[in-house]
Amino acid sequence: SEAAELPAERKERRTWTVTEDIVLISSWLNTSKDPVVGNEQKSATFWTRVAAYFSASPKLAGCENRDGNQCKQHWHKLNEAVCKFSGAYETATREKISGMNDNEVLKLAHEIYFNNQQKKFSLEHAWNELRDDQKWCELATSKSESSSKKRKLADDSHSGARSQVNECDAGVEGTSCPPGVKAASSWKEAASLWARCV
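Residues in the sequence shown are numbered from 1 upward in steps of one, following UniProt numbering.
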């Protein structure tokens with residue numbers, strides 16, 4: 001009965017090698033670019049295909065196979081870090097000072113990443129594989145644009161109220177605004193309320 005109470009032994013966790021990372025990236029890119037199937041497939045099917053492509057790679061001959069779930073989890077972890085580093089690299093490129101070479105920009109990108117994430121970026125090999133791929137760049141850009149749109153909408157809803165308050169405060173001394181300007185939910189309402197102030 002004591003043996004029945006012990007949980008099944010877990011397999012020892014295997015770390016992903018640089019070669020496995022590169023083969024996983026290649027597997028993801030080739031599977032997602034498949035003109036016959038493309039991305040119009042269920043997640044489980046997609047990752048099963050990625051794992052099959054991954055396992056079939058001659059670069060991994062003699063290595064233990066990874067299943068679809070392992071590939072999916074590692075891809076998401078790897079992709080998130082590479083996306084963050086790409087953002088740091090774009091920032092470093094914008095901050096580039098005349099005379100800086102590419103290695104110095106890359107070093108600055110590593111510093112920016114470290115300052116933002118409080119850890120070193122150790123997936124430069126993955127970034128080098130993905131950075132120039134059109135499919136990945138489109139997905140990474142659309143992901144960052146959608147999150148920045150959400151942020152912008154949230155910021156606009158807060159800053160809209162602030163700008164209305166500031167415009168109201170900037171009016172002629174002694175003029176009091178009608179109640180509700182601060183709480184106006186749309187620009188049109190605020191403009192009509194302001195018109196009554198003046």
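We put the beta carbon where it would ideally sit given N, CA and C, even for glycine.
Residue closest to residue i, alpha-carbon to alpha-carbon, out of the options
i: Asn116; options: Ala61, Tyr89 and Tyr53; result: Tyr89
i: Gln118; options: Lys84, Pro35 and Ser27; result: Lys84
i: Gln70; options: Leu139, Asp133 and Glu20; result: Glu20
i: Glu80; options: Gly62, Ile112 and Leu123; result: Leu123
i: Ala140; options: Leu78, Asn101 and Met100; result: Leu78
Assumed close pair residue i, residue j - CB separation to whole angstroms, cut-off 8 angstroms
i: Val105; j: Thr93; result: 6 angstroms
i: His76; j: Trp16; result: Incorrect: roughly 13 angstroms between the Cβ atoms, too far for contact.
i: residue 261; j: Lys107; result: Absent from the structure is residue 261, since the part of the chain shown begins at 1 and ends at 198.
i: Ile25; j: Glu129; result: 5 angstroms
Contacting residues, own chain, Cβ-Cβ under 7 angstroms from residue i (five flanking each side not counted)
i: Thr31; result: Phe46, Arg49, Val50 and Tyr53
i: Lys135; result: Leu29, Ser32 and Lys33
i: Arg131; result: Ser86
i: residue 201; result: Here the chain has residues from 1 to 198 only, and residue 201 is not among them.
i: Gln41; result: none
Beta-carbon proximity list for residue i, same chain, < 8 angstroms, skipping 5 on both sides
i: Val18; result: His125
i: Ala44; result: Gly68
i: Val23; result: Phe54, Ser57, Lys59 and Leu60
i: Glu64; result: Arg14
i: Asp133; result: Leu29
i: Ser98; result: none
i: Glu12; result: none
i: Ser27; result: Val50, Ala51, Tyr53, Phe54, Ser57 and Cys71
Proximal residues to residue i (C-beta, below 6 angstroms), its chain only, five neighbours per side dropped
i: Thr91; result: Ile112
i: Ala109; result: Ala88, Tyr89 and Ala92
i: Trp127; result: Val82 and Phe85
i: residue 199; result: The chain is shown only over 1 to 198; residue 199 falls outside these bounds and no answer can be derived.
i: Met100; result: none
Ordered list of alpha helix (DSSP H) runs contained in the UniProt domain "Myb-like" (8–79), each at least 4 residues: You should have 18–32 and 43–55.
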